[in-house]
Amino acid sequence: MQSRSEILDEAKRIVTRDRNNTYGEPAALFAAISLAWDALDMARGDRAHDGRDVALKFAVFKAVRASAAPDHMDSWIDGCGYFACGGEIEAATLRVVSAP
1 MQSRSEILDE AKRIVTRDRN NTYGEPAALF AAISLAWDAL DMARGDRAHD GRDVALKFAV
61 FKAVRASAAP DHMDSWIDGC GYFACGGEIE AATLRVVSAP
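So the sequence shown is numbered by full-length UniProt numbering: it starts at 1 and just counts up by one.
Here it is in structure tokens:
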């Protein structure tokens, strides 16, 4: 079992080396993600956020990461997974709405 200290050490290693080397400086990547999320919010309009929106935002997060590091397959795979989750949520919503 890892201690809190070991977990924090691992997190520090990942965010200051691995992720930074793969995606670049967090500030630039986060700025790009925020612009993409703003576009989603504009398209959504006044509708309250729901699970579909979370799936879309996570997928777009992965799309921006894929743009920064197209050779990092994890972003492509995770993005597909988030779209699949959002589609499943939408399909379940449609079944509930169309049920007699």
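Built from N, CA and C at the ideal position, the CB exists for glycine as well.
CA nearest to the CA of Arg-52, picked from Ser-3, Leu-94, Arg-4: Position 52 of the sequence shown, counting from 1, holds the residue named residue 52. Nearest option by C-alpha distance: Leu-94.
Backbone secondary structure at Asp-46 - three-state DSSP: As a position in the sequence shown, residue 46 is number 46, starting the count at 1. It is coil, neither helix nor strand.
DSSP state of Glu-25 mapped onto helix, strand, coil: Here residue 25 is taken as the residue at index 25 of the sequence shown, counted from 1. Residue state, collapsed to three classes: coil.
Limits of the alpha helix (DSSP H) - the one that Ser-98 falls within: Along the sequence shown, one-based indexing puts residue 98 at 98. For Ser-98, the enclosing alpha helix (DSSP H) begins and ends at 73-98.
Helix, strand or coil at Ser-3 [DSSP, three-state]: If you number the sequence shown from 1, residue 3 lands on position 3. Three-state result, Ser-3: coil.
Identity of the residue in Ala-63, Ala-92, Tyr-82, Ala-84 nearest Ala-36 by Cα: Within the sequence shown, residue 36 is the residue found at index 36, counting from 1. Nearest C-alpha to Ala-36: Ala-63.
Rounded straight-line distance, which links the Cα of Cys-85 to that of Ala-92: Working through the sequence shown from its first residue, we reach residue 92 at position 92. Working through the sequence shown from its first residue, we reach residue 85 at position 85. Taking the CA atoms as reference points, Ala-92 sits about 11 Å from Cys-85.
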